[in-house]
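First comes the structure, then the notes that go with it.
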């Protein structure tokens, strides 16, 4: 009996023992790997204007990087203007990223001896600041820093094979991060992870990671990564010509730079996702055999029994909670919807999308994949948004999207036909938009553009927002207005989509947002990231940015030169408007087929919408009146304030 009780206690201990963190992203550290102050830079004092500007920039960039993983900008005026960026590792985002950067920034001045320029590298993030705009805009990856794992694979042949495997993995990941092949979602973040089988000298798998700053183009990122990949044999491999057995390759190493970085190890150090690429993986079970030999069959059997018991318990608890969620959601859908909303069977959706074929994929969002499908009985084209089963946040967004728009109906809103719920599957079914997104129309190659189409799109978006703010059953703030969330039907009518982070609020009243700033930086209003508040005027700001993009054909997350300085789109447009050079802002592809006064009026309306203070912006009702009544006198927009942040993938910002 005592033996049986001891065995039972051991099984329970194994079952309830918390799983070890598989990646070091699970716990952040504020100890820098390397601090690199620029010894040639001037120094400053803590109470100086430069010190004050640096603290302000650090706080703002940390908040922005928490939302998108990357923030870049400047703060203040010359000669005390500070330029800087913060970058989190691709698997270390959200509140962890923001909190880690804030902690890292504490005491940075003392750490770099009050130098005005420095780079600080951490395991999960990095930060850089300088007073020199020229060096900040440099294409160099310096200052670089490298470090290696002390363990190694020895022997010239084995060392060469390991390094060859590392270089192959790095190049495969570089392709993924720069071109998106074979997984397009990695392109925007310029971040990729991968694994490669090796199977020698205790190294069964090589794990790797590459990352560029998201504001680099694909070719720029690839060029930077090529530069540090070429250094790997020199940095982490040692050839001994007199004694080949003394030759070795390190089983881990990293190279960090201000534009790109990479790392490889024999142990998993990042969070695996569906985008983690795998090459040359071992199929012969060498690792399992090795563990059996070392630990012995009895201990392995005991471990398996404990893990099975734990798995069964956890699975039953999860299934019970999931069923409760699904039952609650079904009741909410039925109570909130009307006859225009349907609950589709999973088999019907699977048939409509050819079993969710990759050929049917038309896009990927933050919480899932969008497929084109057809309901064969009705001959109706549909867009199917399939939520990722592992996304807890996505489930909340799923419920929110249904609750908000199941009963909405407007010509400039994408219609939600219904949803599908089966086990872990959560699917939204929308009307299909054959002309794609506004993003593809503005920035795509070969799009047929004309001012009447552009004007109609601007007016349609305005009318859709007016409906959400003033005429829906409750005032709705979209909070993520951007070109990819505006879809175009067969007649080029715009339709607002993706209500995943939309919220209900009192009309024109600012409400606190107690979570991390949501939305896409570049389109999000200043008060959203600086104060974590939002209102209908936040959507107005995003609308103004959209109008500037539609007219100019330029991205809100780009950087544009004027008189030797770099500006984000909002300031760039304001400078041209002030100097009466708006013709330089207009997209060349529009040709001469537009009325100059009408375009100028739309630019001025957009500039009124993107003013720093929410109170200074018009309501969407006022915007639609200004667009429809060409005789209505417009106010003059004020110059953007001392700082404005637009933080997103591929952004260039000025604060």
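Numbering (mature numbering (1 follows the signal peptide of the UniProt record, and there is no 0)), first residue to last: -22 to -1, 1 to 633.
Backbone N, C-alpha and C fix where the C-beta goes; we use that ideal spot for every residue, glycine too.
None of the values given here were measured: they were computed from a predicted structure.
The C-beta distance from residue 93 to residue 19 rounds to 5 Å, short enough to meet the 8 Å contact threshold. DSSP places residue 548 inside the alpha helix (DSSP H), whose first and last residues are 547 to 556. Proximity of the stretch 131 to 145 to the stretch 25 to 44 falls short of the contact definition, fewer than three beta-carbon pairs being nearer than 8 Å. In this structure residue 233 is not in contact with residue 127, their Cβ atoms being roughly 13 Å apart against a cut-off of 8 Å. Between the stretch 427 to 442 and the stretch 340 to 360, the count of C-beta pairs closer than 8 Å stays below three; the two stretches do not touch.
Three or more pairs of CB atoms, one per stretch, sit closer than 8 Å, so the stretch 67 to 83 contacts the stretch 35 to 44.
If only uninterrupted alpha helix (DSSP H) runs of at least 4 residues are considered, those enclosed by the stretch 494 to 530 are 504 to 508, 514 to 530.
Sorting 549, 544, 563 by C-alpha distance to the C-alpha of residue 112 places 544 at the top. In terms of Cβ geometry, residue 97 and residue 236 form a close pair [threshold 9 Å]. One thing to note: residue 155 has its Cβ no nearer than 9 Å to the Cβ of residue 256. In terms of Cα proximity to residue 412, the closest of 405, 430, 388, 464 is 464. Looking at the DSSP output, residue 231 sits in a beta bridge with 126, 242. Counting C-beta atoms within 10 angstroms of its own C-beta, residue 330 has 16 or more neighbours from the protein chains shown and is therefore classed as buried. Contact between the stretch 554 to 567 and the stretch 595 to 611 is absent: fewer than 3 CB-CB pairs across the two stretches fall below 8 Å. Boundaries cannot be given for residue 535, as no beta strand (DSSP E) includes it and DSSP labels it neither H nor E.
Among the bridge pairs identified by DSSP, residue 593 is matched with none. Taking C-beta atoms as the reference points, residue 157 and residue 200 count as a pair closer than 9 Å. Measuring C-alpha to C-alpha distances from residue 391 to each of 380, 472, 397 identifies 472 as the nearest. Counting other Cβ atoms within 10 Å of its Cβ, residue 277 stays below 16 and is therefore classed as exposed. Residue 580 is a Cβ neighbour of residue 525, given a cutoff of 9 Å. Shown here, residue 105 sits in a strand according to DSSP, grouped into three states. Straight-line spacing of the CA atoms in residue 61 and residue 351 works out to 47 Å. In the three-state DSSP reduction, residue 364 falls in the strand class (E or B).
Excluding five sequence positions before and after residue 520, the CB atoms of its chain that fall closer than 6 Å to its own CB belong to 459, 501, given in chain order. DSSP, read as helix, strand or coil, puts residue 352 in strand. Where residue 416 is concerned, the enclosing alpha helix (DSSP H) starts and stops at 416 to 421. Taking one beta carbon from each stretch, the stretch 168 to 185 and the stretch 208 to 218 have fewer than 3 pairs nearer than 8 Å; the two do not touch.
Closest in alpha carbon position to residue 44, among 66, 32, 34, 58, is 66. A distance of 9 Å or more separates the beta carbons of residue 542 and residue 587. Apart from the 5 residues on each side of it in sequence, residue 578 sits with its Cβ closer than 7 Å to the Cβ of 560 in its chain, given in chain order.
Taken through DSSP and simplified to helix, strand or coil, residue 359 comes out as strand. In this structure, residue 513 and residue 483 form a Cβ contact; the two beta carbons are roughly 7 Å apart against a cut-off of 8 Å. Counting along the chain, the unbroken beta strand (DSSP E) around residue 170 starts and ends at 169 to 178. Cβ-Cβ distances below 6 Å link residue 404 to 365, 376 in the same chain, with the five nearest sequence neighbours on each side left out; the list follows chain order. In this structure, 21 is the residue among 71, 91, 21, 68 with its C-alpha nearest to the C-alpha of residue 58.
Taking a C-beta distance under 9 Å as the contact criterion, residue 149 and residue 238 do not qualify as a contact pair.
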